Amino acid sequence: MSETAKSAPTGASAASPSSNPSRSWTLRVRQAIDSHLPMDHLLPDRQPYYIGSWVYVFGVVTIAALVWVIVSGVVLSFFGPQWWHDSSVGRFFNSLHFWSVQLFFIFMVLHLWGQYFMAGWRQGRAATWMIGVVIFGISILTAFTGYLSQQNFASQFVALNAKDAMNGAGIGAFFNVLNFGQMYGLHVMLLPIGVTFLVVAHIVMVRARGVVKPIDAEGSARP
Amino acid sequence: MDSPATYLHSGFILISWPNLLVIIGMLVLFAVALVVPFPHGGDHDDVGNS
Amino acid sequence: MKSMGQTQEDYYRGVRMVPYDLVKELTIALAGVGVLAILFAAFLSSPDVHPVTIATWSQSDPVDFVTTATGELAGTTTSAGYGQPYNSTPDAAQTWGPIAPQVWLGVRIPVDSANAFVIEPLKHASVGDATLGTALTQWQGAASTQQGTWLDNYTKALADATTADGKVSVASGDYGPLPAMMSTLLGVAQTGGLDGLLVITGRFYQTDYTQPLLFMGDGGYLDSLATNEHLTGDLWGMMNETGLYPGQTWLWLYTMWYQVPPFTSDTGFLGLNAGNADLGIIVLMTVLTFLLALVPFIPILRDIPRWLPIHRLIWRSYYSKKTSAPART
Chain A
1 MSETAKSAPT GASAASPSSN PSRSWTLRVR QAIDSHLPMD HLLPDRQPYY
51 IGSWVYVFGV VTIAALVWVI VSGVVLSFFG PQWWHDSSVG RFFNSLHFWS
101 VQLFFIFMVL HLWGQYFMAG WRQGRAATWM IGVVIFGISI LTAFTGYLSQ
151 QNFASQFVAL NAKDAMNGAG IGAFFNVLNF GQMYGLHVML LPIGVTFLVV
201 AHIVMVRARG VVKPIDAEGS ARP
Chain B
224 MDSPATYLHS GFILISWPNL LVIIGMLVLF AVALVVPFPH GGDHDDVGNS
Chain C
274 MKSMGQTQED YYRGVRMVPY DLVKELTIAL AGVGVLAILF AAFLSSPDVH
324 PVTIATWSQS DPVDFVTTAT GELAGTTTSA GYGQPYNSTP DAAQTWGPIA
374 PQVWLGVRIP VDSANAFVIE PLKHASVGDA TLGTALTQWQ GAASTQQGTW
424 LDNYTKALAD ATTADGKVSV ASGDYGPLPA MMSTLLGVAQ TGGLDGLLVI
474 TGRFYQTDYT QPLLFMGDGG YLDSLATNEH LTGDLWGMMN ETGLYPGQTW
524 LWLYTMWYQV PPFTSDTGFL GLNAGNADLG IIVLMTVLTF LLALVPFIPI
574 LRDIPRWLPI HRLIWRSYYS KKTSAPART
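Next comes the structure, spelled out in structure tokens:
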């Protein structure tokens, strides 16, 4: 790799890190990032020709849906829980949030199907797949707390029904689905932060490793 | 949109028409994505990654 | 930290690269999804059925309300005999052999149904109401066997109760102070006072609806509304939404288990049955989710994509080049 020594930092080090390991943590972090995810891998303008299929589009459309979920959710949280019942603009944003969530799950599952049938975990990409499954699980939890936060009839019944599952598994003792304040706080802050962080990690991993190659023509057992 | 949905009942399966439409729609969309050709923006024969 | 596998330079060596604009793609996706979401929102709106209040419950079905309140005193309602985390009713919690997380986590959300939903509200209502005060004193001074007799008689009589002007009447019998207590409680409920008392629970600010929800859940009214909308567990409820809206289709596998043996039968299989279905299904779904995450490592599951020709459709340009121009790598 010949991309080191782009600039001359003050002080020692940096010309050839392998021969002179730097004592600067900052420099070492920067070099680690540069070696695993340089800018032209994070934002490449070229892709391998084999990604010429519409199935590849489901991932980015899922991200787009998530952006709309978050934007509409931010507007809803800004005006507070009564707004989406009492005002027609509020009701519209409630609807926007509802349908973006539907689109998010639809495209996420299509993306999962695509990645499964492409065995997208091959050649060192198992972690990317596993993070994807975790995103799926946390998204379900986020949607669940969202349904509980609506403050309508569905929230009441979902809460009463779901409490039995939570209580049966013991977690109902500290995850009280009948407690609106708790569910709302989880829904608007903690869980979206989790989903966003994991989605960013997932995308970074795809960009760092590149798009997995086709299952080779012989279909050999190489993972 | 607030009138109750009709449900399809077959054996132990009980599904609302809206839900069934979503699932069928997803299957159709996946099949379409598999089959429809993806546009290629020119055929630059760049080999490898310099 | 060496990343698993090669660097991207090595990985793509020899692979034909084509121009591809990721940022433009994301922008188009944002616009496309936005248009779809806005159109759906504008033309179809979203589900928002008004919540049920104790007031509407007690006005719409006073007999069900009074029957439920009587059941709270008798300890026969769902919440009264629930077990953890609300109370420590023996043998109420779901267990699977030695696995009993419901018991292990303990009574963390204590709810004393009889006092919380009936006695305490009536004490509030008895301020300035001497008749009610006397009825309450009579009730609380009676021996539990006497209370039991009154409750049995009154519960049986309620099966044939009639309503007039929102008031409940039963045939005459030995019910002690129960009719007076229940009639007052019904009155408080119908004016909305019970909604307030059960939510506020002595505080000012409140966001916890545990008490009023548990109380309403003990009755039949909320449940009958939910059944009409197919929201109950035995009707795949977890997947469904009110009205004509799509529900949570992604929960199909979770809710499916509630519809099939052993989770529908009383005898069950391997200790799993209708009685501990919630615990059993959560364990099952946790295991299945782990398996999904570990697909890359599970033989057969990770090989199915190779056996099915779907990938040959996705990568048909790659495979056609391989057959027409050998040894391209």
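Protein chains in written order, with this note's numbering: chain A, 1 to 223; chain B, 224 to 273; chain C, 274 to 602. Even for Gly, the Cβ is constructed at its ideal location relative to N, Cα and C. All figures in this text were calculated on a predicted structure; none of them were measured in a lab.
Check                                                                                                                                : Outcome
Pair within 9 Å by beta-carbon distance, A302 (chain C) and A64 (chain A)                                                            : yes
Chain-order list of residues whose beta-carbon lies under 6 Å from that of M274 (chain C) (same chain, five-residue window excluded) : Residue placement at M274 (chain C) cannot be trusted, given a pLDDT of 38 that sits under 50; what the coordinates show is reported in the next sentence. Same-chain partners within the cutoff: there are none.
9 Å Cβ cutoff met for H263 (chain B) and V560 (chain C)                                                                              : no
Alpha-carbon spacing of Q150 (chain A) relative to T351 (chain C), whole angstroms                                                   : 25 Å
Straight-line gap, M489 (chain C) to D337 (chain C) (C-alpha atoms, nearest Å)                                                       : 10 Å
CA nearest to the CA of L471 (chain C), picked from C:G520, C:W377 and C:H397                                                        : C:H397
CB of G439 (chain C) within 9 Å of CB of Q332 (chain C), strictly                                                                    : yes
DSSP-derived helix/strand/coil call for W121 (chain A)                                                                               : coil
Environment of A12 (chain A) [buried if 16+ CB atoms lie within 10 Å]                                                                : Any reading at A12 (chain A) must be qualified, since the residue scores a pLDDT of 46, below 50, and its modelled position is unreliable; no value is offered.
Burial state of G80 (chain A), where buried means 16 or more other Cβ atoms lie within 10 Å                                          : exposed
Cβ separation of G172 (chain A) and P358 (chain C), assumed to be a contact under 8 Å, to the nearest whole Å                        : 6 Å
Cutoff 9 Å: A256 (chain B) Cβ touching any chain A Cβ                                                                                : yes
Three-state secondary structure (DSSP) of M224 (chain B)                                                                             : coil
Bridge-paired residues (DSSP) for L237 (chain B)                                                                                     : B:H232
T457 (chain C) beta carbon less than 9 Å from that of D402 (chain C)                                                                 : yes
Reference L191 (chain A); option with closest CA among A:R207, A:F136, A:H202 and A:L178                                             : A:F136
Limits of the unbroken beta strand (DSSP E) element including S24 (chain A)                                                          : Premise fails: S24 (chain A) is in no beta strand (DSSP E) and is neither H nor E.
Where S386 (chain C) falls, given that 16 or more other Cβ within 10 Å makes a residue buried                                        : buried
Closer than 9 Å to chain A by CB, L198 (chain B)                                                                                     : Absent from the structure is residue 198 (chain B), since the part of chain B shown begins at 224 and ends at 273.
Residue of A:Q47, A:W113 and A:G52 minimising C-alpha distance to R286 (chain C)                                                     : A:Q47
Beta-carbon gap between N546 (chain C) and S538 (chain C) smaller than 9 Å                                                           : yes
Test: M511 (chain C) CB closer than 9 Å to a CB of chain B                                                                           : no
Backbone secondary structure at E3 (chain A) - three-state DSSP                                                                      : Residue placement at E3 (chain A) cannot be trusted, given a pLDDT of 47 that sits under 50; what the coordinates show is reported in the next sentence. E3 (chain A) falls in the coil class under three-state DSSP.
Proximal residues of chain B, C-beta to C-beta of Y527 (chain C) below 7 Å                                                           : The contacting residues do not exist; Y527 (chain C) stays about 14 Å from chain B at best.
Three-way DSSP call (helix, strand, coil) for P569 (chain C) in this model                                                           : helix
Supposed contact pair S100 (chain A) and S72 (chain A) - C-beta distance, whole angstroms, cut 8 Å                                   : 6 Å
Paired residues, beta bridge with P605 (chain C) - DSSP                                                                              : Lying before the first or after the last residue shown, residue 605 (chain C) is absent from chain C, which here runs from 274 to 602.
Of the listed residues A:V133, A:G181 and A:G120, nearest to P578 (chain C) (C-alpha basis)                                          : A:G120
Chain B contact residues for I106 (chain A), given Cβ-Cβ distances below 9 Å                                                         : V245, G248, M249 and L252
N179 (chain A) in three-state terms, based on DSSP                                                                                   : strand
Contact set between S53 (chain A) and chain B, taken where Cβ atoms lie within less than 8 Å                                         : A256, L257 and F261
Reference I327 (chain C), options C:L565, C:N513 and C:Y494, closest by Cα                                                           : C:Y494
Meets three-Cβ-pair contact criterion under 8 Å: the segment 524-533 of chain C and the segment 248-262 of chain B                   : no
Where the alpha helix (DSSP H) through P394 (chain C) begins and ends                                                                : E393 to A398
T410 (chain C) beta carbon near the ligand MG (any heavy atom closer than 8 Å)                                                       : You won't find the ligand MG in this model; it holds no ligand whatsoever.
Contact with chain A by V461 (chain C), beta-carbon distance below 9 Å                                                               : no
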